[in-house]
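Shown next, in C-alpha cells, is the structure this report addresses.
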Amino acid sequence: MSQPATERVRWTIADLDLLPDNGTRYEIIDGELFMTRAPRWSHQQVAVAICTEINRSPETIAVGRAVTTPGIIFSEADNVIPDVVWASYERLARLLDEAEHLTGAPELIVEVLSPGAENERRDPLRVSRRAREVKLKLYASQGVQEYWIVNCALQQVQVYRRAGALLKLVATLMAADEITSPLLPGFTCAIITFFQ
Numbered sequence: 111m112s113q114p115a116t117e118r119v120r121w122t123i124a125d126l127d128l129l130p131d132n133g134t135r136y137e138i139i140d141g142e143l144f145m146t147r148a149p150r151w152s153h154q155q156v157a158v159a160i161c162t163e164i165n166r167s168p169e170t171i172a173v174g175r176a177v178t179t180p181g182i183i184f185s186e187a188d189n190v191i192p193d194v195v196w197a198s199y200e201r202l203a204r205l206l207d208e209a210e211h212l213t214g215a216p217e218l219i220v221e222v223l224s225p226g227a228e229n230e231r232r233d234p235l236r237v238s239r240r241a242r243e244v245k246l247k248l249y250a251s252q253g254v255q256e257y258w259i260v261n262c263a264l265q266q267v268q269v270y271r272r273a274g275a276l277l278k279l280v281a282t283l284m285a286a287d288e289i290t291s292p293l294l295p296g297f298t299c300a301i302i303t304f305f306q
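Residue numbering for the sequence shown is 111 to 306, as defined by the working numbering.
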C-alpha cells in the first residue's frame, strides 16, 4: 500500500541521534532530511579562509565573530550546518543555549558549494538549486540579514541581503572583485583571497 501524497515523513532533531555517525552531514529543513558527505579538504580551506578574513578586521571583531560549521537549531524541524556564520556579540548573547548551540539566526551565513561534477551527482544539498532555494527561504524566514553563496569552481560569491522579509540577490562578485558588507565594519577583501 502506498502512502498518500500529502503524507510524508517529518524528521526532527531527535531523529538525528538514530542516524549513523559515518561522516555524513545531516540537516533538516521543514522536516525534510538532507544528507551530504563530509566536506572535502579544498571546501574546508575556502570556508576557513573566509572565516579568517572576516575575523582579520579589528573593527569587525570588536562587534562580532565568525566561526566555521556551527550547527543552528531553529526548531525541532529546522536544523542546519552552514559553512561559516558571523554573529554580533549582542545577538550571540541571545542565540546560544546552555550547551552553546545556536538557536536562532546569526546576521551572516556563508555556504560554500563543493566543486566538481562528481559532487554535483553525489552532493545534492550543496549543488541542487532546489536545496539552495529551500535554505534561502529558511534563512530569510529566520531573520538572517545577509547570505553568501560561494562557488569554488567559478571563484564567485553571490551576495543576498535582506529586503523586507526576503533575501534578495544584490551582487555576483568574481575573483577580481572586492567584497564588503554593511554588517562587517572595516571588512574588505578581494574575492580571490578566499580561493588561494
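Even for Gly, the Cβ is constructed at its ideal location relative to N, Cα and C.
If I follow the unbroken beta strand (DSSP E) through residue i, where does it start and stop?
i	result
residue 221	218-223
residue 188	188-190
residue 289	288-290
residue 178	174-178
residue 135	134-139
residue 183	182-185
residue 144	142-147
residue 285	First-last for residue 285: undefined, no H or E at that position.
residue 262	Premise fails: residue 262 is in no beta strand (DSSP E) and is neither H nor E.
residue 300	298-300
May I ask you to report which of helix, strand or coil DSSP gives residue i?
i	result
residue 165	helix
residue 272	strand
residue 255	coil
residue 119	coil
residue 157	helix
residue 281	strand
residue 129	coil
residue 212	strand
Below 6 Å CB to CB, which residues in the same chain sit around residue i once its five sequence neighbours on both sides are set aside?
i	result
residue 143	121
residue 212	180, 182, 205
residue 259	221, 268
residue 153	222, 224
residue 169	295, 296
residue 123	186, 189
residue 171	165
residue 281	269
Can you give me the start and stop residues for the alpha helix (DSSP H) that residue i sits inside?
i	result
residue 200	199-205
residue 124	123-126
Take residue i and list the residues in its own chain whose beta-carbon comes closer than 8 Å to its own, dropping the five residues that flank it on each side.
i	result
residue 199	173, 174, 175
residue 184	190, 213, 214, 215, 248, 252
residue 276	250
residue 302	265, 285, 286
For a quick check, are the C-beta atoms of residue i and residue j less than 9 Å apart?
i	j	result
residue 254	residue 289	no
residue 250	residue 194	no
residue 125	residue 244	no
residue 163	residue 305	no
residue 293	residue 208	no
CB-CB under 7 Å to residue i, same chain, minus the five flanking residues each way: which ones, in chain order?
i	result
residue 233	Confidence in residue 233 is poor, its pLDDT being 41 and thus under 50, which makes the residue's placement unreliable; the coordinate value appears in the next sentence. Contacts found: 146, 147, 224.
residue 136	126, 129, 143, 145
residue 150	224
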